[in-house]
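Please read the structure below before turning to the comments.
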Amino acid sequence: MRDAHIDALVNIVGERRCLWNPNQVRAYACDGYTAESAIPRAVVFPESTDEVAQICRYLYEHSIPYLPRGAGTGLSGGATPTGGEVVLSLARMNRLLAVDFDHLRAIVQPGLVNLTLTRRVAHEDCYYAPDPSSQSVCTIGGNFAENAGGSHCLKYGVTTNHIVAAKVVLPDGSVIDVGAPFGDAPGYDLLGLLVGSEGTLGIATEITVRILKKPQALRTALAYFDRVADASDTVTDIIVEGIIPAAIEMMDQLAMQAVDKSNYHVGYPHDIEAVLLIEVDGLAAGVDEVMARVVELCRKHNVREVKVAQSDAERALWWSSRKMAFGAMGRLSPDYIVQDGVIPRTRLTEVLQKIEAISQRHGLRIANVFHAGDGNLHPLVLYDSRVPGEAERAVQAGSEVLRACVDAGGSITGEHGVGIEKIGEMAYMFSADELQVQRAVKACFDAKGIVNAGKLIPLPGRCVEVKHARDIIEDHWQILNSFPDQAEVQVRGARAHGAGAEHTTSVQG
Amino acid sequence: MVKDSSSMAPRLTDFCFPDAPEEDKYSVCVHCGFCLEVCPTYQAWGDENHSPRGRVFLIKSCAEGELPLDESVIDPVFTCLDCRACETVCPSGVQVGALVEEARGQVFHARRERGDTNALMRLFLRGVFPRPGRLKAIRRLMRFYQKSGLQTLARSTGVMRVLPPQVREMEDVIPEIDAGPAIDVLPPVMAPKGERKATAALFTGCVMDVFFSDVNKATARVMVRNGVEVQVPRDQICCGALQVHAGDRDMAREMARKNIEVFEQAGADYIAINAAGCGAALKEYPELFHDDPAWHERAVQFSARVRDISQLLVEVGFDPPKAELPMSITYHDACHLCHAQKIRREPRSILTSVPGVDLREMPDSDRCCGSAGIYNLTHPVMAGELLERKMDDVPQGVDAIVMGNPGCMMQIRLGVKKRNQQLRVMHTVEVLDLAYQREETP
Numbered sequence: 001m002r003d004a005h006i007d008a009l010v011n012i013v014g015e016r017r018c019l020w021n022p023n024q025v026r027a028y029a030c031d032g033y034t035a036e037s038a039i040p041r042a043v044v045f046p047e048s049t050d051e052v053a054q055i056c057r058y059l060y061e062h063s064i065p066y067l068p069r070g071a072g073t074g075l076s077g078g079a080t081p082t083g084g085e086v087v088l089s090l091a092r093m094n095r096l097l098a099v100d101f102d103h104l105r106a107i108v109q110p111g112l113v114n115l116t117l118t119r120r121v122a123h124e125d126c127y128y129a130p131d132p133s134s135q136s137v138c139t140i141g142g143n144f145a146e147n148a149g150g151s152h153c154l155k156y157g158v159t160t161n162h163i164v165a166a167k168v169v170l171p172d173g174s175v176i177d178v179g180a181p182f183g184d185a186p187g188y189d190l191l192g193l194l195v196g197s198e199g200t201l202g203i204a205t206e207i208t209v210r211i212l213k214k215p216q217a218l219r220t221a222l223a224y225f226d227r228v229a230d231a232s233d234t235v236t237d238i239i240v241e242g243i244i245p246a247a248i249e250m251m252d253q254l255a256m257q258a259v260d261k262s263n264y265h266v267g268y269p270h271d272i273e274a275v276l277l278i279e280v281d282g283l284a285a286g287v288d289e290v291m292a293r294v295v296e297l298c299r300k301h302n303v304r305e306v307k308v309a310q311s312d313a314e315r316a317l318w319w320s321s322r323k324m325a326f327g328a329m330g331r332l333s334p335d336y337i338v339q340d341g342v343i344p345r346t347r348l349t350e351v352l353q354k355i356e357a358i359s360q361r362h363g364l365r366i367a368n369v370f371h372a373g374d375g376n377l378h379p380l381v382l383y384d385s386r387v388p389g390e391a392e393r394a395v396q397a398g399s400e401v402l403r404a405c406v407d408a409g410g411s412i413t414g415e416h417g418v419g420i421e422k423i424g425e426m427a428y429m430f431s432a433d434e435l436q437v438q439r440a441v442k443a444c445f446d447a448k449g450i451v452n453a454g455k456l457i458p459l460p461g462r463c464v465e466v467k468h469a470r471d472i473i474e475d476h477w478q479i480l481n482s483f484p485d486q487a488e489v490q491v492r493g494a495r496a497h498g499a500g501a502e503h504t505t506s507v508q509g
Numbered sequence: 001m002v003k004d005s006s007s008m009a010p011r012l013t014d015f016c017f018p019d020a021p022e023e024d025k026y027s028v029c030v031h032c033g034f035c036l037e038v039c040p041t042y043q044a045w046g047d048e049n050h051s052p053r054g055r056v057f058l059i060k061s062c063a064e065g066e067l068p069l070d071e072s073v074i075d076p077v078f079t080c081l082d083c084r085a086c087e088t089v090c091p092s093g094v095q096v097g098a099l100v101e102e103a104r105g106q107v108f109h110a111r112r113e114r115g116d117t118n119a120l121m122r123l124f125l126r127g128v129f130p131r132p133g134r135l136k137a138i139r140r141l142m143r144f145y146q147k148s149g150l151q152t153l154a155r156s157t158g159v160m161r162v163l164p165p166q167v168r169e170m171e172d173v174i175p176e177i178d179a180g181p182a183i184d185v186l187p188p189v190m191a192p193k194g195e196r197k198a199t200a201a202l203f204t205g206c207v208m209d210v211f212f213s214d215v216n217k218a219t220a221r222v223m224v225r226n227g228v229e230v231q232v233p234r235d236q237i238c239c240g241a242l243q244v245h246a247g248d249r250d251m252a253r254e255m256a257r258k259n260i261e262v263f264e265q266a267g268a269d270y271i272a273i274n275a276a277g278c279g280a281a282l283k284e285y286p287e288l289f290h291d292d293p294a295w296h297e298r299a300v301q302f303s304a305r306v307r308d309i310s311q312l313l314v315e316v317g318f319d320p321p322k323a324e325l326p327m328s329i330t331y332h333d334a335c336h337l338c339h340a341q342k343i344r345r346e347p348r349s350i351l352t353s354v355p356g357v358d359l360r361e362m363p364d365s366d367r368c369c370g371s372a373g374i375y376n377l378t379h380p381v382m383a384g385e386l387l388e389r390k391m392d393d394v395p396q397g398v399d400a401i402v403m404g405n406p407g408c409m410m411q412i413r414l415g416v417k418k419r420n421q422q423l424r425v426m427h428t429v430e431v432l433d434l435a436y437q438r439e440e441t442p
């Protein structure tokens with residue numbers, strides 16, 4: 001409802017850039033994670049750092065909860081106003097402020113779309129490397145908040161490896177600069193802390209990113225495998241061999257079916273279990289040789305067919321087919337939850353079997369799309385929210401998938417963030433003491449606990465609840481005897497040496 | 001907080017009139033947001049409400065009784081250009097255009113029930129466009145206005161200032177209207193040159209035949225030239241696209257039935273259309289008859305025969321002109337050609353077949369020019385911004401901008417006029433026709 005606070009916001013941004021009527025803010029009830037939604041108190045559209053700072057200052061002073069939002073393509077509910085927050089939409093702060101081609105740096109506003117940045121620097125043969133599947137719509141600010149990944153992060157690293165500095169509005173509205181455009185900023189790594197903080201510690205309003213020169217040449221191959229185990233072994237072999245492909249992506253049969261029904265039809269065989277999309281790049285003199293070796297390794301592992309793209313159009317279609325896979329799920333099901341687990345690459349076949357068992361136990365189809373080179377899985381749990389009980393079953397199935405990933409020595413998220421979706425699993429992955437340290441960090445920035453609260457780091461109360469629920473579920477699991485022993489010691493031991501760490505190092509390669 | 005799917009008691013919805021947006025259509029949207037950045041209104045305002053995903057969400061919320069049919073739904077549904085750019089990128093195939101049109105149908109009904117209708121709009125939707133006689137009378141009046149010196153007088157005395165600026169601007173770029181519309185001037189049947197490859201009934205359209213009847217005549221000539229027997233069914237009427245866009249679906253259905261009957265009688269292999277907006281509407285006639293199986297079937301049969309002129313020429317095989325036409329052009333993809341009908345390749349293959357024609361692509365050629373039916377009259381600010389962006393994208397040094405839709409032709413004529421440029425605005429078939437004419441008079 002319109003009140004004095006709304007008037008204050010209107011005073012900062014003007015009538016036209018402030019929505020407050022409950023019916024007119026409904027479109028901001030959720031992001032790309034639709035299983036939960038809530039109505040925001042208002043939506044404001046600032047256009048400058050100064051406006052963002054004024055808004056934050058006012059809201060913080062009056063203890064009014066708020067959260068930032070980019071394009072709203074996040075998949076973990078990071079921009080869902082579960083606490084009836086005021087939403088700061090940064091969509092209108094979409095300018096490319098400066099480009100320095102000599103030093104390969106660009107300064108952008110947070111609302112600039114990822115792919116738009118690449119397009120704007122393409123005339124100098126440059127690009128911005130992190131490429132989430134939603135790169136045609138998602139914003140650099142959103143990528144900053146989620147530490148977004150993408151297909152090519154196998155070789156080039158995730159968002160944090162490409163951001164060197166930022167101007168950040170802190171929860172109370174004060175403005176600081178973190179990082180350094182060149183070299184390493186001394187002191188605590190505040191930039192590293194802020195990237196991936198999911199909008200809980202501040203709002204980046206000017207972001208300095210690295211841009212890269214386009215590789216001289218690239219080759220892209222599509223490989224069809226009868227058995228997923230063969231595809232998985234191929235991936236391991238390629239990496240063990242010392243080849244660092246730009247990307248290795250995998251899709252299973254159900255994902256192939258969805259995307260083949262869309263505008264991005266490739267025509268995958270209906271009887272293969274997995275398709276690999278492999279890209280190598282580098283100097284023109286070397287790529288053919290490397291690709292020949294990749295093809296050889298595919299053959300060694302019983303590939304049914306492997307082909308190298310003969311044109312840019314063919315390559316573009318293969319990539320669209322992979323990148324549009326999530327969005328194409330509407331061809332199969334009205335709703336889905338996409339998970340984001342990370343596992344050690346070598347355990348893919350085994351984890352897929354567990355996912356299949358989870359799918360059968362809940363009577364829900366699960367399609368699989370992965371960044372196979374990183375061991376980053378995206379199981380898509382398909383459900384219909386109109387069928388009583390299905391949404392709850394889907395959330396439960398998703399949670400079990402994540403636990404299977406942690407049990408295999410992995411992590412609950414590779415690139416989508418925790419948001420609200422995986423917050424319960426945080427307590428599965430970390431001890432109470434570990435979470436307490438995280439909460440202490442949050443309190444340093446946001447003593448009132450009102451900025452995107454309830455995301456990323458579970459509140460203490462919730463933590464207890466979750467643990468209680470987990471104990472109940474685990475009792476049931478033991479009765480069903482469908483999972484190995486869940487002893488915490490074992491889980492945590494596995495994690496310390498497992499893929500969580502490996503994922504990080506491999507993406508920095 | 002997870003949606004409680006167990007309490008699915010039926011709720012009241014404000015979509016209480018027949019022909020409401022269907023669950024099968026909106027439930028396909030998985031909210032991925034891949035449509036946002038191609039949507040002209042989202043690009044301009046950055047407001048989720050005015051994005052394809054937002055509109056579908058609002059329509060769904062209204063259908064499910066979560067939102068009333070008030071301005072929060074009506075406004076976004078009417079700011080939509082219906083350009084369908086979102087449908088081209090949507091991985092799940094959401095028919096955003098059809099949903100928006102159905103939602104506008106609900107608004108139309110609701111407003112009529114409240115007696116809250118725009119008299120002028122109603123006059124045009126019901127009183128003018130569906131009636132060929134009145135359309136022709138307007139055409140004659142406008143010709144008289146141009147020829148008698150009234151136009152010059154009106155402009156010099158400043159009497160035009162009583163009109164809203166967007167109407168005044170359009171008045172400024174109306175092409176010179178010739179003596180007769182194609183539907184009267186062309187013979188009812190035209191025998192093809194050489195071997196008869198196919199028969200086509202020409203859909204002459206309303207706006208096209210009032211303002212650009214030359215394009216209709218050129219369309220007939222290029223078909224004849226390429227072995228197509230052309231029929232011009234006299235009793236055809238406007239396609240009803242404007243009514244669909246405005247939500248007057250009952251009127252649109254009435255017009256569709258009339259056209260289906262007329263073209264069934266003509267019995268030609270193809271129904272040829274040179275206006276992208278009308279072509280899309282004709283191909284989508286089945287959407288109007290969900291609740292009427294008999295007419296639905298007839299609409300399906302009808303739609304299967306509809307071809308855009310560029311599509312038809314490529315399908316039957318056209319002769320590349322032999323004469324040289326030295327001209328540098330750029331091509332604008334009309335939304336209802338590239339997005340609604342998925343036709344991009346055919347016009348380009350026609351244009352590049354002409355010796356001497358140098359086709360220079362413009363960036364984002366498939367972004368809406370702001371015409372969008374009567375959008376440039378109802379939402380002049382947005383339409384003006386889009387026109388500016390379109391004109392910015394026109395490559396330097398071209399002689400003409402070519403396209404396949406009369407609405408875009410009017411809008412881009414306005415853009416050319418505003419910038420004082422020496423640029424021709426042409427339809428694809430006009431270029432081909434010009435090249436053929438050069439063969440005869442070397």
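Protein chains in written order, with UniProt numbering: chain A, 1 to 509; chain B, 1 to 442. Glycine residues also receive a C-beta, built at the ideal position from the N, C-alpha and C atoms.
What does the Cβ neighbour count give for residue i, buried or exposed, with the cut at 16 atoms within 10 Å?
| i | result |
| --- | --- |
| A/Gln54 | buried |
| A/His62 | exposed |
| A/His265 | exposed |
| A/Ser321 | buried |
| A/Tyr336 | buried |
| A/Met359 | In the sequence as displayed, the identity of residue 359 of chain A is Ser instead of Met. By the neighbour-count rule (16 or more Cβ atoms within 10 Å), A/Ser359 is buried. |
Judging by CA-CA distance, which residue of the options is the nearest neighbour of residue i?
| i | options | result |
| --- | --- | --- |
| A/Arg345 | A/Ala316, A/Ile238, A/Pro269, A/Tyr264 | A/Ile238 |
| A/Phe225 | A/Met251, A/Leu201, A/Gln216 | A/Met251 |
| B/Gly240 | B/Ala294, B/Leu58, B/Val128 | B/Val128 |
| B/Pro355 | B/Ser303, B/Val381, B/Leu432, B/Thr378 | B/Leu432 |
| A/Ser133 | A/His416, A/Ala357, A/His270, A/Lys448 | A/His416 |
| A/Val401 | A/Gly341, A/Ala427, A/Asn11, A/Ser431 | A/Gly341 |
| B/Lys136 | B/Glu440, B/Gly180, B/Ser328, B/Pro380 | B/Gly180 |
Just list the residues that DSSP pairs residue i with in beta bridges.
| i | result |
| --- | --- |
| A/Met251 | A/Val275, A/Val369 |
| residue 516 of chain B | Residue numbering for chain B in the displayed model covers 1 to 442; residue 516 of chain B lies beyond these limits and cannot be assessed. |
| A/Arg210 | A/Arg105 |
| B/Thr199 | B/Glu229 |
Within the same chain, show all residues whose beta-carbon is closer than 8 Å to that of residue i, passing over the 5 residues directly before and after it, in chain order.
| i | result |
| --- | --- |
| B/Asp366 | Ala85, Thr88, Asp333, Cys335, Cys338, His339, Arg344 |
| B/Glu101 | Asp82, Val244, His245, Gly247, Arg249, Glu287 |
| A/Glu350 | Ala408 |
Kindly indicate which three-state DSSP category residue i falls into: helix, strand or coil?
| i | result |
| --- | --- |
| A/Arg219 | strand |
| B/Tyr57 | Strictly speaking, residue 57 of chain B in this sequence is Phe, with Tyr absent from that position. Helix at B/Phe57. |
| A/Ala487 | Model confidence at A/Ala487 stands at a pLDDT of 36, short of 50, so the residue's coordinates are unreliable; what they give is reported in the following sentence. Here A/Ala487 sits in coil by DSSP. |
| A/Cys18 | strand |
| A/Tyr156 | helix |
| A/Ser89 | strand |
| A/Leu364 | coil |
| B/Glu261 | helix |
| A/Gly330 | helix |
| B/Tyr26 | helix |
| B/His50 | helix |
Please list, in chain order, all residues of the same chain as residue i whose beta carbon is under 6 Å from its beta carbon, the five residues on each side excluded.
| i | result |
| --- | --- |
| A/Ala496 | Low confidence applies to A/Ala496: its pLDDT is 34, below 50, so where it sits in the model is not reliable enough to give any reading. |
Return the chain-ordered list of same chain residues with a C-beta closer than 7 Å to the C-beta of residue i, the five sequence neighbours on each side being excluded.
| i | result |
| --- | --- |
| A/Val338 | Leu75, Phe326, His378, Leu380 |
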